[in-house]
Structure formats: structure tokens, C-alpha cells
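Each remark here refers to the structure printed beneath this line.
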Ligand SMILES: Nc1ncnc2c1ncn2[C@@H]1O[C@H](COP(=O)(O)OP(=O)(O)OP(=O)(O)O)[C@@H](O)[C@H]1O
Ligand SMILES: [Mg+2]
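Numbering (the UniProt record's numbering), first residue to last: 1 to 389.
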């Protein structure tokens, strides 16, 4: 591959890159550090619950602070161990316990042991290690929504049964309703300390992008206004730094692919569309089957920018379910699912009067048709019908 004219180091803009500085998170860094600093005195840090919208720097802050804490503990000869589990990836109690166990040096088989047994082994081994153990449970809502809060309950009580070790929890989520999934006792122990990450403003995002851009791009490659536009667009998306960085990176990639020597405002706009289309495909792909069939029906009935109506959609949807030999949902339910598709921004539906025939929904497609089709095609049950479109 030819040497890039645009990127000095593209990795700096990748989502998993952890920068050494996090501008506009000084307050949050200080708070996390002050809670965890107890460990350096040999005490158990309070549990900490962190909430904030996506892309507000929660994971980055906790990683940065825990990394520094580990260094300090090492230099002071304090027996501290930190484990980082993403429960979106490791969502079962078994996998979480396995990861925690491995991080303190206990090998576990990938399966075949009962979770309760694994828990006892973990507890025993943890106590033997005589350490202060901090477990970070990131995106913790994924685990709790699927598997309940039993494990959390146990972990918040574990210190009562430990003699030589101490354990603290840091729970992170971007789900504002998360605590409603918790038993009140779990909720109060998990949030001995609480911390909220506010969304970034446009000018804060600008600062963040500027710092990264210096390392990521060659000098003079970014046209005037590129960073400001990425920041403004991401600020509208509820202050999401990940989105801002993605925009800047994809804009750079598009410029590079064209063989351009500069990243322009136009590249940013193209990047926006690119990212938006990927989002649509992902959202569609993750829909339940019935929602996909309804969406497909809508797509088929709205060619050439025509609008369609609930009754028409229902008829076609019913044909698909019969062809697949699955149950057909009621008209009422399908109408609700159409509203859900609207909420996701995939389609637009408006209630209109049909005179004596009552009310119906007028439905049109709101997002990129090809992106929707790509998402639908990834489901083999739906793909065969997409072909005839
Ligand atoms: N203040 C900041 N300075 C520099 N980069 C930042 C800052 N805040 C966030 N980032 C970067 O933005 C991206 C998203 O941040 P992070 O992963 O911490 O978000 P999050 O709050 O954990 O989001 P989610 O809830 O989706 O997991 C990361 O690449 C991170 O490095
Ligand atoms: Mg995160």
C-alpha cells in the first residue's frame, strides 16, 4: 500500500485507543481517583456506580484512572488487582466469574462447572490471594437485563465472607433506567458512590478532536472548519465523543480513498451519511423477525416514493408469515410495531383519516432504502423475499 498522505497515525482515531489525556473530564477523573485512592492506604474503596450517555468518556476515564492506580500500587508494594469485564461481551454470570477468576490467576474451564460452584471457588481463591480487588463491570445493563441481579447481589455481599482480601465494584452503564432492574439492596450497595458523566458540548468536542488530530493527521491536511463541523454534528447527537472521532476518521478515510491531499467539509458530510447508513443496517439487522417482515412489506409497497397504509402492509406481512409457516400477529400488534419502526427513525407514519372508514397510518420510508435492504438481507429467512424486490 502507498504511504498515506493524510494519516500520520490513524490508530489514534480508533474507538479502542486510550489517549493519555482526557480534556473536560478532569472532575470525573478526580472523583474516580479519590474513591479508588483508598486502596493505596490498604482500605477497601467504596463501590462506584457510573452513569452517562454513550460516548461521554466513562470507559476511557475508568481505564485511565485504574491504569495509573495500578502503577502507583506497584511502586508502593500494595497488593492490588484490577479486573475489567465488559458484560456486553461476557454477559452470563459464568463468563463474568470466569473472567474475574482468571484475572486473579485462577484458571477455569470454559464450561462444565456449575455457576454456584465457580462462585465459591472464586471467593476462596480471592481470599487466599490477600489482595484488594477492584472489578469494573462495564456496560453492566447487558448482564442484568438478560440474567438478573443475582451475581451482583452476591458480589456486593462478598466482603462479609472475606477475611484476608477486599473487593470493590465499579458498575458502568449508559442506560438511564438501569437501576430499576436492581433489587433496592443491590442498588444501594452498588452506588455507595455515584458519578454522572454529562454529554460534551460542541466546543468541548472541538478540544478533544484537536488534540487527537495533531497525532492522527499530517500538518495542514485538515481544511478549515472540518473539526468544528465534526464537533457540531456530534454535539447534536447528544455530545457523543465516539461519534465525533468516527466522523473525523471516516472523513479522512474518504479523502484518502479519493487520493485527495486535504480533508474537506464535503468529506465530513459524506462521512456522516456513511456512518448513518451503517447505523441503519445494524438497527435493521437486530430487529425481531416480525418487525423485519413488516419493514420489508413497507419497503415493497413504497417503491417510487409512494406512501402506503396499515391495511396494505398487514396484507403483505400476512402473506410472508404464511409463506414462512409462522404465526401471524394481530392487526393491532402490527400497528404497534409500525410505531416502533417509526421511533427508530426507519420509517415515518402519520395517522390520517379515511373518512367513514376510520383512521389509518400513512407510512413512508424515512432512511436509506439500500441500507435497510442490506440489514434485511442478512437474515436468511427474510433474504429470499428481498430478492424479488
Ligand atoms: N475527554 C475525552 N478526551 C479524549 N477522548 C475522549 C474523551 N472522552 C471520550 N473520548 C473518546 O471517545 C470514545 C468514546 O469514549 P468512551 O468509550 O469512554 O465512552 P463511554 O462513555 O464508555 O460510551 P458507552 O456508554 O457507549 O460505552 C473513546 O474513543 C474515547 O477515547
Ligand atoms: Mg463504554
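We put the beta carbon where it would ideally sit given N, CA and C, even for glycine. All of these numbers come straight from a predicted model, not from anything done at the bench.
With 16 other Cβ atoms within 10 Å as the buried cut-off, status of residue i
i: residue 68; result: exposed
i: residue 164; result: exposed
i: residue 353; result: exposed
i: residue 27; result: exposed
i: residue 291; result: buried
i: residue 281; result: buried
i: residue 130; result: exposed
i: residue 372; result: buried
i: residue 138; result: buried
i: residue 167; result: buried
i: residue 287; result: buried
i: residue 227; result: buried
i: residue 45; result: buried
i: residue 256; result: buried
Three-state secondary structure (DSSP) of residue i
i: residue 313; result: helix
i: residue 163; result: coil
i: residue 12; result: helix
i: residue 86; result: strand
i: residue 193; result: strand
i: residue 176; result: coil
i: residue 347; result: strand
Own chain partners of residue i with C-beta closer than 8 Å, once the 5 adjacent residues on each side are dropped
i: residue 275; result: 243, 246, 247, 250
i: residue 211; result: 19, 21, 23
i: residue 63; result: 18, 84
i: residue 91; result: 142, 143, 146, 147
i: residue 42; result: 78, 132
i: residue 370; result: 277
For residue i: DSSP bridge partner residues
i: residue 352; result: 360
i: residue 132; result: 80, 166
i: residue 308; result: 363
i: residue 171; result: 49, 137
i: residue 222; result: 263
i: residue 385; result: DSSP lists no partner for residue 385.
i: residue 122; result: BP columns for residue 122 are empty, so no partner.
Chain-order list of residues whose beta-carbon lies under 6 Å from that of residue i (same chain, five-residue window excluded)
i: residue 335; result: 310
i: residue 125; result: 106
i: residue 204; result: 24
i: residue 390; result: The shown model of the chain, from 1 to 389, leaves out residue 390, and the question about it has no answer.
Sequence-distant residues of its chain with Cβ nearer than 7 Å to residue i (five each side left out)
i: residue 186; result: 149, 152, 153, 156
i: residue 119; result: 97, 154
i: residue 382; result: 292, 293, 296, 376
i: residue 298; result: 308, 313, 347, 363, 365
i: residue 194; result: 49
heavy atom of ligand 4 below 7 Å from residue i C-beta
i: residue 30; result: With respect to small molecules bound, the structure shown includes ligand 1 and ligand 2 and not ligand 4.
Please write down, chain order preserved, every residue whose beta carbon lies under 6 Å from a heavy atom of ligand 2.
-> 58, 59, 138
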